[in-house]
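Colleague:
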Amino acid sequence: MVPAAAHDTGEAEPIPLSALQHAVYCLRQAALIHLERLWADNRFTAEGDVLHAVADKGGSRKARGVRRVMALPLASERLNIAGVADMVEFHAGEGVETPFPVEYKRGKAKLHRADEVQLCAQALCLEEMTRRNVPEGALYYAETKRRVVVPFDSALRDLTRQTIDALAEVFASRRTPPPTPHRSRCRACSLIDLCRPDAVVKPVKAWRDRMVTTLLSETGELS
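Following UniProt numbering, the residues of the sequence shown are numbered contiguously, the last one being 223.
#1: Indicate the three-state DSSP secondary structure (helix, strand or coil) for residue 152 in the structure shown.
#2: What does the Cβ neighbour count give for residue 151, buried or exposed, with the cut at 16 atoms within 10 Å?
#3: Taking the CB atoms as reference points, tell me whether residue 124 and residue 76 lie closer together than 7 Å.
#4: Which residue comes first and which comes last in the beta strand (DSSP E) that contains residue 190?
#5: Rounded to whole angstroms, what is the Cα-Cα separation between residue 156 and residue 96?
#6: Using CA atoms only, rank isn't needed, just tell me which of 115, 146, 113 and 136 is closest to residue 89.
#7: Anyone know if the C-beta pair for residue 29 and residue 114 falls short of 7 Å?
#8: State yes or no: is the C-beta of residue 23 within less than 7 Å of the C-beta of residue 167?
#9: At what residues does the alpha helix (DSSP H) containing residue 134 begin and finish?
#10: With DSSP collapsed to three states, give me the class of residue 91.
#11: Give the straight-line distance between the Cα atoms of residue 161 and residue 27, rounded to the nearest whole angstrom.
#12: Please go through the same chain and pick out, in chain order, the residues whose beta-carbon is closer than 7 Å to the beta-carbon of residue 203, but skip the five residues on each side of it.
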């Protein structure tokens, strides 16, 4: 897991594709992992590691006209992102192959769009690398044992580029954003004990409230 950092030459290392998923879930989480290099496993991350170990073996095979490549390295020089796709299917048609990225996930489809953004970023890399339009891909969830087809529409593409820009700004600043507590997401995060969102947010909020009270008192608005 390599953080995107500035070189002495002024060039930035590519943003890892996996960091985009973390950034959509929580920008602070992405910075803790990829800037501060903090990590903590829980049952969910351990199950995910086992699932991805299968894809990481690499290799290629073809069946029913579809060529499948496992652990395919991807990169976009224009967007400065790079990583490895779990699997990319190449669907034959009219003398050319259309890429179809497939990302493996341990759980089930989520309410937020973190998985979709990571998959869309893979599509943007594939489009730059193959010069072919990539209209859709799929997320395979081990818990439900089903594929969820994800269309790469303009809204998802915009969100993906916005996430890349936000993460690039964080990496360029080398500063970890403050926590923005989200009860359900924080509770499920393996980094909660390292992040300590309540320990950081509460003192800041208390200080802010004291400052507001002091200012109002000095101006006579507290009477």
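Here a beta-carbon is modelled for each residue, glycine too, at the ideal position from N, C-alpha and C.
Modeller: Reading from the atomic positions:
#1: Position 152 of the sequence shown, counted from the first residue, corresponds to residue 152. Residue state, collapsed to three classes: coil.
#2: Residue numbering aside, residue 151 sits at position 151 when the sequence shown is read from its first letter. Residue 151 should be labelled exposed.
#3: Stepping through the sequence shown from its first residue, residue 124 is reached at position 124. Stepping through the sequence shown from its first residue, residue 76 is reached at position 76. Yes, the Cβ-Cβ distance between residue 124 and residue 76 is below 7 Å.
#4: As a working note, residue 190 is residue 190 in the sequence shown. Here residue 190 belongs to no beta strand (DSSP E), and DSSP marks it neither H nor E.
#5: Looking up residue 156 in the sequence shown gives position 156. Looking up residue 96 in the sequence shown gives position 96. Their backbone Cα atoms lie some 25 Å apart in a straight line.
#6: Counting from one through the sequence shown, the residue named residue 89 turns up at place 89. The option with the nearest alpha carbon to residue 89 is 136.
#7: The residue labelled residue 29 in the question sits at position 29 within the sequence shown. The residue labelled residue 114 in the question sits at position 114 within the sequence shown. Contact flag unset, no.
#8: Counted from its first residue, the sequence shown places residue 23 at position 23. Counted from its first residue, the sequence shown places residue 167 at position 167. Their beta carbons are under 7 Å apart, which means residue 23 touches residue 167 by this criterion.
#9: Taking the first residue of the sequence shown as 1, we reach residue 134 at position 134. Run containing residue 134: none; DSSP gives neither H nor E here.
#10: Mapped onto the sequence shown, residue 91 falls at position 91. Three-state result, residue 91: strand.
#11: Here residue 161 corresponds to residue number 161 of the sequence shown, with the count starting at 1. Here residue 27 corresponds to residue number 27 of the sequence shown, with the count starting at 1. The alpha-carbon atoms of residue 161 and residue 27 are separated by roughly 14 Å.
#12: As a position in the sequence shown, residue 203 is number 203, starting the count at 1. Because residue 203 carries a pLDDT of 48, less than 50, the predicted location of this residue cannot be relied on, and the following value inherits that uncertainty. Annotation for residue 203: no residue places its beta carbon closer than 7 Å to its own, counting only its chain and skipping 5 residues before and after.
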